[in-house]
Each structure stands twice: as C-alpha cells, then as structure tokens.
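Report on the structure given below.
Protein chains: 2
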Amino acid sequence: MGIIIAVDIGGTQIRVATFHRDSTKPVQVRRAATRAPEGTPFERLCNEIAAIWPKDEEVEAIVVATPGPLDPERGIVFSAPNIPGWENFPLRDELYKRFGVTTMIENDANVAALGEWYFGAGKGHHHVLYITISTGIGAGVISRDHLLQGARGLATEVGHVTVAPDGPMCNCGQQGHLEAVAAGPAIARWVTEKIARGASSSLEGRKVITAQDVAAAAAQGDELALQALARAGHFLGQALADLLHLFNPSIVIFGGGVSFSGAPLFDPLNEALREHIMDESYLQDLRITNAELGDDAGLLGGLTLALISQPRS
Amino acid sequence: MGIIIAVDIGGTQIRVATFHRDSTKPVQVRRAATRAPEGTPFERLCNEIAAIWPKDEEVEAIVVATPGPLDPERGIVFSAPNIPGWENFPLRDELYKRFGVTTMIENDANVAALGEWYFGAGKGHHHVLYITISTGIGAGVISRDHLLQGARGLATEVGHVTVAPDGPMCNCGQQGHLEAVAAGPAIARWVTEKIARGASSSLEGRKVITAQDVAAAAAQGDELALQALARAGHFLGQALADLLHLFNPSIVIFGGGVSFSGAPLFDPLNEALREHIMDESYLQDLRITNAELGDDAGLLGGLTLALISQPRS
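Just so you know, the sequences run in chain order C and D. Remember, the numbering used here sits 9 above the position in the first sequence when you count from 1. Remember, the numbering used here sits 9 above the position in the second sequence when you count from 1.
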C-alpha cells in the first residue's frame with residue numbers, strides 16, 4: 010500500500026504529512042515557516058516534501074491545500090496574498106516536475122470542507138456547506154457527494170456575497186461583502202472604531218484588539234463586544250439564508266477562529282437566518298454545527314481528495 | 010426505440026409531448042388548461058397523458074416539469090401556488106400508480122436549465138447558470154454536467170437572495186429578496202406607484218400596467234420606464250455577482266418574459282455586476298446570453314432529464 014502526501018499551506022506555516030489510505034493517523038508530520046529570510050516558499054515546501062518522502066514505500070499522490078483563488082484543473086494558483094511570488098503560479102506542474110508523482114492542488118477552504126465531510130462533522134451527509142470564519146471568510150460545498158468547483162475552480166467564495174450594499178469596503182476592493190462585516194478583522198475594527206469614538210468597553214486602552222479579544226470580552230458580558238458579535242452574526246445569518254436557498258445543504262459546518270465565539274455570535278445568526286429564509290423546509294432536519302477536525306481539516310481533507318480521486322478497491 | 014413523455018405544467022397551461030430519444034422534434038403535442046371549472050389539475054393531466062399515449066410503441070418514462078418547491082427524490086410537490094390542491098402532493102407516485110412507467114418530477118426552472126444546457130444556448134458548457142425572470146425569478150444550475158438539486162431538491166432559489174435588506178416585502182413573506190425588486194410584478198408595481206405619486210410617464214392613465222408595458226415604454230424612451238428597468242437591472246447585477254462568486258459558471262442564460270427588455274435592463278445589470286464582482290477572473294470567458302428554446306425549454310428539458318437519467322448505448 011502506498012503513501013499519500015498531504016500538504017497544508019497557510020499564511021504562516023506549511024505543514025506536510027504522510028498517510029496510508031486506511032488511516033487518518035499520519036505516519037509523519039513536518040512543519041516549516043511559509044515566509045523566511047532565505048529561499049522561497051516553494052523551495053521550503055519542496056524541502057519538506059523531500060524530507061518526509063518515505064524510504065521504502067511508493068508515493069501515490071501529493072495533494073496540496075493552498076490559499077486561492079486557484080484553478081484545480083489547470084493546477085495554477087492565481088494569487089495568494091500571503092505568499093510572495095505566487096501570482097499565476099503553476100504549482101501543480103512545478104511539484105510534478107520535482108517529484109514525478111500524481112499531484113493535485115485545491116483551495117484550502119474546499120479541502121477543509123472535504124475533510125469535515127469525509128472524516129469530521131459532516132460524515133454521512135451528501136450535501137454539506139462548510140464555512141470558515143477567520144481572517145477571511147471561505148467555504149466549500151459538497152453537493153451529492155461532489156465538491157462544487159465551478160468552471161475555473163472559483164465557486165463558493167461566500168465571503169464576497171453582498172450583504173450590506175452601502176457597507177464598508179472589502180479587501181477585494183468592492184463594497185458591502187460579507188467578509189468586510191463579519192470576518193475577524195472586521196469585528197475587531199468595528200470595536201476599535203467605536204472605542205476611538207468614545208464607546209466604553211473593557212477593551213479600552215489596548216493597542217491592538219483582535220476578534221479573539223472581542224469574543225473573550227463578550228464572554229465576560231462586555232456590552233460593546235456583544236454588540237460587535239451580534240452585528241457580525243446578523244450579517245452571517247442573512248448570508249446563510251441566501252446560501253441555504255442556493256445550496257440546500259443538510260448540514261452547515263462552521264470552522265475558523267471566529268466560529269468559537271459561541272452564543273453571542275450564533276444567537277443573532279440564527280435570528281437573522283429565520284428573518285430571511287423563505288420557507289421552513291430549508292431548516293427542517295438541517296444541522297448547524299461546529300467543525301470537528303480543527304487544524305487537521307486541511308491535511309485530512311487532502312487525504313480525502315486523494316481517496317475520492319483515486320479510489321482503489 | 011421507446012417514447013418519452015414530457016410534461017410542462019404552468020400556472021395557466023399543461024403541455025404534454027411525446028419524443029423519440031434521438032430527436033428534439035416532438036411526435037405529438039397536447040395542451041389543456043391548468044385550472045377549469047370541472048375536475049382537478051391532476052385529472053386533466055392524466056387525461057392528456059392517456060390521450061397522447063402511443064398505440065404501438067413502448068413508453069420509457071414520463072418526465073414532469075412543475076412549479077416548485079418540490080422534492081425530486083421523493084417525488085413530492087410541497088406547494089404550487091397556482092395549482093389548487095397540490096400541497097405535499099405525491100405527484101410522481103400518483104402518476105406511477107396510474108401509468109406504471111418510470112416517472113420523474115423536477116422543478117420547472119431546473120428543467121428549463123437542463124433543456125437550455127443540452128439543446129439550447131448552453132450547449133457544450135459544463136457549468137451553466139440559467140435564470141428565468143417573469144412572474145417570479147427562478148434558476149437552475151448545471152455544475153460539472155450535473156443539475157444542482159440540494160438535499161431536498163430546494164437549491165438555486167435565486168429569487169430569494171437578499172439584495173435590499175431594507176427593501177420591499179417578498180411574496181414569500183420576507184423582506185428585500187431579489188424577486189421583490191426585479192421580477193415582472195415588482196417592476197410594474199414600482200412604475201404604478203411612481204405614477205400614483207405624480208411621476209409623469211407615457212403609461213399614465215392605464216388601469217393595469219405590466220412589465221411588458223414597461224419594457225415597451227422604455228423602448229420608446231419613456232424616462233420612468235427606463236428608471237424602472239435600470240433599478241431592476243441594478244439588483245439583478247448585484248445578485249448575479251453573488252451567483253458568479255458561488256457557482257462560477259462559464260455561461261449565464263437569461264430566460265422568461267422580462268429578459269426580453271434589452272439594453273434598458275442589461276446595461277445597468279452589467280454595470281452593477283462589475284461594481285460587485287470581486288475579481289475579473291469570474292468574467293473572463295464568461296458568456297451572458299438569452300435563452301434559445303423559448304416556451305419549448307420545459308418540454309426539451311424533460312427530454313434531457315430522461316436522456317441523462319437513463320442513458321442507452
């Protein structure tokens with residue numbers, strides 16, 4: 010039985026793991042910094058793969074989860090904001106040239122969705138909506154046991170659904186997108202601005218406020234922090250109604266740091282969802298839950314992609 | 010070679026056609042009113058099927074396009090506003106009981122999408138977004154040559170995406186959905202209300218104004234009619250950006266009466282689309298076009314559903 014090499018590329022860390030097909034327990038895991046003073050991210054990635062390469066077993070495939078947008082079919086990363094030099098970068102072919110085995114690349118949110126569907130919270134479901142809320146807002150959709158990719162692999166960019174037409178600018182340059190009002194930085198920025206304008210909060214006086222700080226303050230009953238999460242939850246709920254109307258999943262799985270904010274986020278989210286949903290039938294038997302795989306979703310999603318792409322009997 | 014019976018149920022008319030697998034030219038077509046003083050819509054439907062039943066050929070399947078929402082897997086119509094008595098109606102099983110051949114039912118917009126993909130404007134594409142704008146706004150999505158249905162067959166209800174959070178009430182009971190600002194009745198209502206408040210227009214004095222009247226007036230340069238279509242086009246463009254971010258199709262096909270409004274609708278639509286799209290790559294090689302099959306989309310979509318569900322070599 011061969012080895013599958015799963016790679017999870019984040020803005021700060023590259024992780025590489027080896028798996029056998031029949032186990033979710035990695036044989037070995039290695040880590041490297043994504044950016045470093047010397048060498049390129051691609052060189053560091055190759056070094057880690059070479060270092061983890063099994064001595065006496067065949068490698069079946071290398072599967073890479075990386076920030077997008079990217080085209081999985083052509084194997085090209087269009088742009089990856091935190092990875093210098095990856096502009097229209099033919100990552101798949103470059104890896105294939107170096108290692109000579111089947112190589113696949115896929116958007117990190119899509120890979121996490123595959124992992125949660127196959128091994129995590131979505132096990133047994135055929136229609137899964139996975140949403141990750143952290144620095145950005147990403148998603149992956151499994152529809153009738155297939156990952157929804159779109160013509161150029163650019164589907165399910167839920168962070169860029171317009172929820173507040175007159176709202177704040179988004180990182181993408183447009184206005185009022187979900188990511189601009191409900192991702193971690195948007196939540197932190199809203200609190201920071203309110204404090205600058207004189208609102209009182211236990212977070213006053215901090216140099217930098219993060220979404221994690223806001224969640225912690227909300228858990229302690231801080232009124233401003235609660236308002237911030239309620240606002241984000243409201244927009245998430247409004248967007249989720251759209252997404253249920255469009256994808257009609259049987260389970261919605263929330264991952265990413267902000268999804269640990271609990272009731273202060275999810276109560277307003279559920280309220281807004283019910284305000285915007287066209288029919289109760291979208292909510293019948295619908296499960297809304299947290300991701301189960303945590304940081305392992307990327308690596309286990311890579312394993313999943315290898316398993317469903319190259320089934321062996 | 011057997012016969013496929015395709016049925017298209019509309020609010021006013023039931024159409025039934027027989028096809029051979031290898032031709033889009035129907036062998037025979039029959040029509041009946043959906044509502045009539047005597048009998049039920051289901052009885053009239055059965056009468057038409059019985060009347061068109063071929064004498065010396067085997068019937069392979071009956072495929073029914075009907076207003077939703079419905080569950081194609083269980084064969085149940087949840088509700089059909091214009092068809093009395095079709096509440097949680099097990100249409101598929103009732104037809105099977107009566108005729109004893111393979112029977113499928115599917116949402117009318119989804120069936121039209123299948124028809125346009127297989128035989129119409131979407132030929133050769135693998136990722137298709139079909140949007141129909143008339144009394145309501147419906148859609149069907151083909152993703153990697155598969156119809157996107159969702160867990161209960163309720164996916165791609167694009168008419169109920171929220172585009173104007175503080176906007177008018179939608180027929181579904183919620184606020185600010187696309188259908189409430191951009192479907193035919195919404196366009197007509199906006200003009201009617203403006204005239205009632207003193208706006209001047211060539212449509213003044215009419216008892217009833219339809220979206221078709223508005224399109225005709227706009228074509229003649231009527232300022233109020235142009236504003237009405239620009240407003241609808243703006244919201245359609247905003248929603249279309251969301252839909253491209255979510256489905257990433259290679260072609261968008263517009264059908265339904267309102268889609269014949271031309272530049273007064275589509276210029277503002279394209280402008281709003283560009284205002285809301287996160288990245289040019291969604292628009293590269295994207296074709297936006299009109300439906301080609303007209304009223305035949307439902308019947309030819311039924312034929313498509315039979316062909317892709319039961320391929321014969």
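Using N, Cα and C, we set each Cβ at its ideal position, and we do this for glycine too.
Mind the definition here: the stretch 103-119 of chain D touches the stretch 68-78 of chain D only if three or more C-beta pairs lie below 8 angstroms; say whether that holds. yes
Fill in: Local conformation of Ile61 of chain D per DSSP, three classes
As a first step, residue 61 of chain D must be located in the second sequence, where it is residue number 52. Ile61 of chain D falls in the helix class under three-state DSSP.
Could you compute how far the alpha carbon of Ile151 of chain C sits from the alpha carbon of Ala26 of chain D? Residue mapping note: residue 151 of chain C aligns to position 142 of the first sequence, counting from 1. Residue mapping note: residue 26 of chain D aligns to position 17 of the second sequence, counting from 1. Rounded to the nearest angstrom, the two C-alpha atoms are 35 angstroms apart.
Practice item. Determine, using beta carbons only, whether Ser322 of chain D comes closer than 9 angstroms to chain C. Key: Numbered from its first residue, the second sequence carries residue 322 of chain D at position 313. The predicted model places Ser322 of chain D with a pLDDT of 44, which falls under 50 and marks its position as unreliable, so this point remains unresolved.
Three-state class that DSSP yields for Gln22 of chain C in the structure shown: Reading the first sequence from its first residue, position 13 is the one you call residue 22 of chain C. Here Gln22 of chain C sits in strand by DSSP.
ask   = Leu157 of chain D and Ile317 of chain D: beta carbons closer than 9 angstroms?
value = On the second sequence, residue 157 of chain D is found 148 positions in, with the first residue counted as 1. On the second sequence, residue 317 of chain D is found 308 positions in, with the first residue counted as 1. No, the pair does not count as a contact, with Cβ atoms beyond the cut-off.
Hey, would you say Asn299 of chain D sits closer than 9 angstroms to Ser259 of chain D, going by beta carbons? As a first step, residue 299 of chain D is located in the second sequence; it is residue number 290 there, counting from the start. As a first step, residue 259 of chain D is located in the second sequence; it is residue number 250 there, counting from the start. Contact flag unset, no.
Would you mind working out which of D:Thr171, D:Arg107, D:Thr43 sits nearest Asp251 of chain D, comparing C-alpha positions?
For the purposes of this step, residue 251 of chain D is identified with residue 242 of the second sequence, where counting begins at 1. The candidate whose alpha carbon is nearest that of Asp251 of chain D is D:Thr171.
Next on the checklist: Taking 6 angstroms as the limit between beta carbons, can you name the residues of its chain near Ile218 of chain D, skipping five residues before and five after?
Outcome noted: For the purposes of this step, residue 218 of chain D is identified with residue 209 of the second sequence, where counting begins at 1. The residues are Ala197, Val200, Thr201, Leu212.
- Task: Indicate whether at least one CB of chain C lies closer than 9 angstroms to the CB of Asp251 of chain D.
- Result: Sequence index remark: in the second sequence, residue 251 of chain D carries index 242 (1-based). So, interface residue.
Simplified DSSP assignment, three categories, for His186 of chain C
In the first sequence, residue 186 of chain C corresponds to position 177, counting from 1. Correct three-state label for His186 of chain C: strand.
*asked:* Beta-carbon within less than 7 angstroms of Ala121 of chain D's beta-carbon, same chain only, minus the 5 sequence neighbours each way: which residues are those?
replied: Counting from one through the second sequence, the residue named residue 121 of chain D turns up at place 112. Only Tyr139, Thr141, Gly149, Gly264, Ala306, Gly307, Gly310 meet the Cβ criterion.
Closest by CA to His186 of chain C, which one among C:Gly193, C:His243, C:Ala173, C:Pro194?
Locating residue 186 of chain C in the first sequence gives position 177, where the first residue counts as 1. Closest option to His186 of chain C, Cα to Cα, is C:Ala173.
(Q) I'd like to check one pair, Gly303 of chain D with Asn279 of chain D: are the Cβ atoms closer than 9 angstroms? (A) Within the second sequence, numbered from 1, the residue matching residue 279 of chain D stands at position 270. Within the second sequence, numbered from 1, the residue matching residue 303 of chain D stands at position 294. Cβ distance not < 9 angstroms, so Asn279 of chain D and Gly303 of chain D don't count as in contact.
Inset, instruction - Check each candidate in C:Ala272, C:Ala192, C:Gly266 and name the one with the smallest Cα separation from Gln229 of chain C. - result: Here the question's residue 229 of chain C lines up with position 220 in the first sequence. The option with the nearest alpha carbon to Gln229 of chain C is C:Ala272.
> Skipping 5 residues on each side, what residues in its chain have a beta carbon closer than 6 angstroms to that of Glu103 of chain C?
Replying inline: Position 94 of the first sequence holds residue 103 of chain C. So no residue of the chain qualifies.
Which of the three DSSP states, helix, strand or coil, is assigned to Ala315 of chain C?
As a working note, residue 315 of chain C is residue 306 in the first sequence. Residue state, collapsed to three classes: helix.
Assuming Ala315 of chain C contacts Ile13 of chain C (C-beta within less than 8 angstroms), just tell me the rounded distance between them.
For the purposes of this step, residue 315 of chain C is taken as residue 306 along the first sequence, with counting starting at 1. For the purposes of this step, residue 13 of chain C is taken as residue 4 along the first sequence, with counting starting at 1. That pair is a contact at about 4 angstroms.
* Where the alpha helix (DSSP H) through Gln229 of chain D begins and ends -> The sequence position of residue 229 of chain D within the second sequence is 220, counting from 1. Careful: Gln229 of chain D lies outside any alpha helix (DSSP H) and carries neither H nor E.
- Message: Taking DSSP's pairing of strands, which residues face Phe28 of chain D in a bridge?
- Response: Translated into positions along the second sequence, residue 28 of chain D becomes position 19. Paired residue(s): D:Ile13.
* Kindly identify the DSSP beta-bridge partner or partners of Ser290 of chain C. => As a first step, residue 290 of chain C is located in the first sequence; it is residue number 281 there, counting from the start. Its beta-bridge partners do not exist; DSSP assigns none.
Q | Beta-carbon proximity list for Gly129 of chain D, same chain, < 8 angstroms, skipping 5 on both sides | A | Counting from one through the second sequence, the residue named residue 129 of chain D turns up at place 120. Correct list, in chain order: Ile262, Ala300, Glu301, Leu302, Ala306, Leu309.
Check your understanding: Would Gly159 of chain D count as contacting chain C if we go by Cβ distances under 9 angstroms?
Key -> Looking up residue 159 of chain D in the second sequence gives position 150. By this cut-off, Gly159 of chain D is an interface position.
Beta-carbon of Thr298 of chain C versus every beta-carbon of chain D: anything under 9 angstroms?
Mapped onto the first sequence, residue 298 of chain C falls at position 289. For Thr298 of chain C, the answer is no, since every Cβ of chain D falls outside 9 angstroms of its Cβ.
(message) Can you pull out the residues from the stretch 287-316 of chain D whose beta carbon lies closer than 9 angstroms to at least one beta carbon of chain C?
(response) Residues Met287, Asp288, Ser290, Tyr291, Gln293, Asp294, Leu295.
Under the three-state reduction of DSSP, which class applies to Ser259 of chain C: helix, strand or coil? Locating residue 259 of chain C in the first sequence gives position 250, counting from the first residue. Reduced to three states, the DSSP call for Ser259 of chain C is coil.
Can you check whether the C-beta of Val172 of chain C is within less than 9 angstroms of a C-beta belonging to chain D? Residue numbering aside, residue 172 of chain C sits at position 163 when the first sequence is read from its first letter. Cβ-Cβ to chain D under 9 angstroms: yes for Val172 of chain C.
**Report entry** Given Glu232 of chain C as reference, the closest of C:Ser209, C:Cys181, C:Asp222 once Cα atoms are compared
**Finding:** Counting from 1 along the first sequence, the entry for residue 232 of chain C is found at position 223. Answer by Cα proximity: C:Ser209.
Notebook entry, point to check: Do we get a CB-CB distance below 9 angstroms when we pair Arg101 of chain C with the residues of chain D?
Noted result: Residue mapping note: residue 101 of chain C aligns to position 92 of the first sequence, counting from 1. It does not: the Cβ of Arg101 of chain C has no partner Cβ on chain D nearer than 9 angstroms.
Output yes if chain C places a C-beta closer than 9 angstroms to the C-beta of Met10 of chain D; else output no. The sequence position of residue 10 of chain D within the second sequence is 1, counting from 1. Cβ-Cβ to chain C under 9 angstroms: no for Met10 of chain D.
Short of 8 angstroms Cβ to Cβ, which residues in the stretch 105-133 of chain D face chain C? none
Review point. So which residues on chain D does Thr165 of chain C lean against when the C-beta distance must stay under 9 angstroms?
Key: Walking along the first sequence from the start, residue 165 of chain C turns up at place 156. Going along chain D in sequence order, the residues near Thr165 of chain C (Cβ under 9 angstroms) are His254, Leu255, Phe256, Asn257.
- Message: I'd like the span of the alpha helix (DSSP H) that includes Phe108 of chain C, first residue to last.
- Response: Counted from its first residue, the first sequence places residue 108 of chain C at position 99. Looking at the DSSP string, the run of the alpha helix (DSSP H) that includes Phe108 of chain C is 100-108.
So Glu284 of chain D contacts chain C; which residues on that side make the cut at Cβ distance below 9 angstroms?
Position 275 of the second sequence holds residue 284 of chain D. Chain C residues near Glu284 of chain D: Gln183, Gln184.
| query | Candidates C:Asp80, C:Ile204, C:Ser88, C:Ile92: which alpha carbon is nearest Phe51 of chain C's? | reply | As a first step, residue 51 of chain C must be located in the first sequence, where it is residue number 42. Nearest of C:Asp80, C:Ile204, C:Ser88, C:Ile92 to Phe51 of chain C, Cα basis: C:Ile92.
Closer than 7 angstroms by beta-carbon distance: list the chain D residues that pair up with Phe87 of chain C, in chain order. Stepping through the first sequence from its first residue, residue 87 of chain C is reached at position 78. The contacting residues are Ser290.
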